[in-house]
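So for the sequence shown, this note's numbering puts the first residue at 4; every next one is plus one. In this text, a Cβ means the ideal position worked out from N, Cα and C, and glycines have one as well. Because the structure is a prediction, the values reported are computed rather than measured. Reading through the C-alpha cells given below for one structure.
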Amino acid sequence: MKPPVGPPRQRLPLWTRIVYGSGDWSLSSFNTFRQVFYAAFLTDVVGLDARLASVAALIGVAWDAINDPIVGTVSDRLRTRWGRRRPLMLAFAVPFGLSFVALWWAPPWHSQVALAVHVALAYMITDTMQSLVTVPFFALTPELTPDYDERTALTAWRTGFNLVASLAVAVLAPSIVDQVVAGGGTAQQGYLLCGALFGGLAVIPPLLIVALIRERVDAAEAPEPPPVSETFRAAWSLRSFRVLTVLYLLNWITFDLVGLMIPFFVTWWLASGSPLASVSVLGLPLPVESAMLGALLVVSLPAVPVWVWLSNHIGKRAAYAIAMAGWAAVQLVVWLVPPGRFGLAVGAAALAGVGVAAAHVLPDAMLPDVIDEDELATGRRNEGAFSGALNLVRKGAGAVAVFGALQVLGWTGYDPGGAGQPERAVWAVRLLTGPAGALLLVAAIVAAVAYPMGRARHAEIRAALAARSRAAEAGSGGI
4 MKPPVGPPRQ RLPLWTRIVY GSGDWSLSSF NTFRQVFYAA FLTDVVGLDA
54 RLASVAALIG VAWDAINDPI VGTVSDRLRT RWGRRRPLML AFAVPFGLSF
104 VALWWAPPWH SQVALAVHVA LAYMITDTMQ SLVTVPFFAL TPELTPDYDE
154 RTALTAWRTG FNLVASLAVA VLAPSIVDQV VAGGGTAQQG YLLCGALFGG
204 LAVIPPLLIV ALIRERVDAA EAPEPPPVSE TFRAAWSLRS FRVLTVLYLL
254 NWITFDLVGL MIPFFVTWWL ASGSPLASVS VLGLPLPVES AMLGALLVVS
304 LPAVPVWVWL SNHIGKRAAY AIAMAGWAAV QLVVWLVPPG RFGLAVGAAA
354 LAGVGVAAAH VLPDAMLPDV IDEDELATGR RNEGAFSGAL NLVRKGAGAV
404 AVFGALQVLG WTGYDPGGAG QPERAVWAVR LLTGPAGALL LVAAIVAAVA
454 YPMGRARHAE IRAALAARSR AAEAGSGGI
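What follows is the structure in C-alpha cells.
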C-alpha cells in the first residue's frame with residue numbers, strides 16, 4: 004500500500020528565506036570564531052595549561068545543560084502580541100553581539116586557577132547570550148512552514164549564510180591578528196578587534212528577522228506547554244529524536260574537532276613550528292589555516308544546493324550518509340599530507356567542503372520533522388524545547404571537541420607558547436586532525452542508517468495531523 008500523499012508543497016517567498024537565513028550569519032560567525040581559534044587563543048595567548056582550558060570549557064557546557072532547556076521552555080511559554088520567539092531575539096541581539104568581545108580578553112593574571120575561573124565565567128556568559136538568540140531563531144523554522152522539502156530549502160538558505168560567515172571569519176580573523184602583530188600590536192589586541200568587528204555585524208540579522216518575519220498566529224496562540232520534564236520525557240520517547248541527537252552530536256564533534264585542530268596542524272606539522280606560514284591564493288598571501296578553512300567553505304557554498312537536490316530525490320538520510328562517507332575519506336587523506344605541502348593541504352580541505360555542506364544543512368533539516376511527530380504524539384507544538392535541546396547538543400559537541408583535544412595535547416606534553424613541541428604532541432595533532440574525524444563520521448553514517456524518519460513516514464504524520472485538525476474544526480463548528 005502506498006504511503007499517504009502529503010499536501011502540495013507550500014513555498015515560502017524568496018525574501019522570507021533570505022531574511023530568515025541571514026540569522027545564521029550571527030550564529031556561525033560566533034561559533035566559527037570560538038571553535039576554530041579559541042583553543043589556540045587560550046593556550047598560546049592567555050597562557051592557560053591545555054588541560055585546565057579544557058576543564059573551563061566543560062564547566063560552560065555544564066551550565067548549558069541548565070541554560071538551553073530553560074530558554075527553550077521560556078520561548079514556548081512566552082505569550083505576546085509579537086509572538087513567542089521574536090521578543091527574545093529583539094531583547095538580546097545587542098548583548099549577544101557584545102559577548103563576542105568578552106571571550107577574547109586575556110586577563111593579566113599569573114595564577115592558572117584564576118585564569119581558568121575567568122575563562123569558565125566568560126564561556127558561561129557568552130553561551131547564555133547565544134542561547135537567548137539561537138533557541139528562538141531555530142524554533143522559527145517549523146513555524147514558518149510545515150512542508151518537508153520547504154524546510155530543507157529554508158535550512159539551505161540558513162546554511163548558505165552560515166558558510167559565508169564561517170568563510171569571512173576563517174579568512175579574515177588570522178589575517179587581522181597577523182596584521183596587528185606585524186604593526187607592533189599584540190595577538191590579544193588582534194583578537195579583541197576581531198571580536199568587536201564580528202560581534203557588531205552579528206547584531207544586524209536578528210533585528211532584521213524581528214522587523215520583517217512574522218510567526219504563525221496558531222503557533223503564537225498554542226496552549227500552555229506542560230512542565231519541561233514532561234516535555235523532554237515525551238521527546239526522548241521518540242526513537243527519531245534519540246537517533247537524531249546521536250547523529251547531531253557526532254556530526255558537530257567532527258566539524259569542531261577538525262576546525263580547532265587546523266591551526267595546530269598547520270603550525271606544528273605543515274609549517275614545522277613557524278607561526279606565520281602563508282600560501283599564495285590568487286596572488287595574495289594568506290595564512291595557511293585561512294587558506295585551508297577558506298577553501299573548505301568556498302567549496303561548501305555551491306555544494307549546498309546539490310545536497311538539497313539530492314535529498315529531495317533520495318531523502319535526507321541517504322544523502323547524508325553518502326556525504327559523510329566522502330568526507331571521511333578526505334580526513335584520511337589529510338593524515339597523509341607531508342610537511343611543507345601547503346597546496347596539497349588546501350586541496351584536501353577543499354574536497355572536505357563537499358561533505359561539510361551536507362553536515363550543515365541536512366541534520367538541521369531533520370529536526371522540524373521530528374517536532375511534527377512529537378505533535379502527533381502529544382497534541383502540542385514544542386519547537387522551543389526541541390530547539391533548546393539540540394542547541395545544547397550543538398554547543399556540547401564543541402565543548403567535547405575542545406575538552407578531548409586539549410586533554411590529549413596536555414597529556415602528550417604540549418607546551419603553550421613554546422618554540423617547539425614534543426614528537427608525541429605533534430603525532431597527536433595529526434591523529435586528531437585526520438583519522439579521529441574519519442572514525443566519528445563513520446559512526447554518524449551508522450546513526451543516519453538507523454534514523455527512522457523518511458519522506459513516507461513524514462507524509463503519514465502530516466496526513467494524520469491534517470485529519471486531526473479537520474476533526475477539531477468540525478467538532479468546534481458543531482457546538
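What does residue i pair with, by DSSP beta-bridge criteria?
i           : result
residue 289 : 282
So the candidates are the options; which of them puts its Cα closest to the Cα of residue i?
i           : options               : result
residue 91  : 127, 54, 46 and 139   : 139
residue 129 : 34, 87, 196 and 166   : 34
residue 38  : 473, 388 and 398      : 398
residue 19  : 41, 30, 157 and 61    : 157
residue 89  : 308, 348, 266 and 212 : 212
residue 99  : 183, 303 and 134      : 134
residue 96  : 137, 117, 119 and 147 : 137
residue 112 : 144, 51, 93 and 426   : 51
residue 53  : 85, 461, 119 and 350  : 119
residue 448 : 331, 283 and 72       : 331
residue 367 : 407, 319 and 410      : 319
residue 215 : 85, 298, 103 and 257  : 85
residue 374 : 389, 55 and 363       : 389
residue 472 : 418, 406, 379 and 126 : 379
residue 296 : 404, 36, 159 and 25   : 36
residue 382 : 270, 160 and 468      : 468
residue 159 : 313, 455 and 363      : 363
residue 161 : 146, 141 and 117      : 141
residue 343 : 270, 302, 370 and 317 : 270
residue 455 : 126, 477 and 370      : 370
residue 266 : 294, 240, 242 and 94  : 294
residue 236 : 17, 478 and 72        : 72
residue 365 : 426, 317, 125 and 190 : 317
residue 462 : 82, 149, 69 and 70    : 149
What residue range is occupied by the uninterrupted alpha helix (DSSP H) comprising residue i?
i           : result
residue 363 : 345-381
residue 27  : 26-44
residue 254 : 242-268
residue 212 : 207-215
residue 102 : 89-105
residue 436 : 426-436
residue 332 : 319-339
Anyone know if the C-beta pair for residue i and residue j falls short of 8 angstroms?
i           : j           : result
residue 423 : residue 202 : no
residue 274 : residue 291 : yes
residue 260 : residue 413 : no
residue 163 : residue 304 : yes
residue 335 : residue 438 : yes
residue 376 : residue 464 : yes
residue 107 : residue 194 : yes
residue 264 : residue 435 : yes
residue 333 : residue 355 : yes
residue 168 : residue 57  : no
residue 315 : residue 155 : yes
residue 357 : residue 306 : yes
residue 289 : residue 174 : yes
residue 400 : residue 416 : no
residue 109 : residue 172 : no
residue 257 : residue 393 : no
residue 123 : residue 42  : no
residue 282 : residue 180 : no
residue 196 : residue 183 : yes
residue 402 : residue 187 : no
residue 218 : residue 153 : no
residue 116 : residue 268 : no
residue 199 : residue 77  : no
residue 353 : residue 302 : yes
residue 170 : residue 300 : yes
residue 361 : residue 312 : no
residue 324 : residue 452 : yes
residue 246 : residue 450 : yes
residue 81  : residue 87  : yes
For chain C, is any of its Cβ atoms less than 8 angstroms away from the one on residue i?
i           : result
residue 379 : The displayed structure is made up of one protein chain only, and chain C is not part of it.
Going residue by residue through the segment 121-174, where are the continuous alpha helix (DSSP H) segments of at least 4 residues, counting only ones entirely within it? none
Any alpha helix (DSSP H) of 4 or more consecutive residues that is wholly inside the segment 442-480: 458-480
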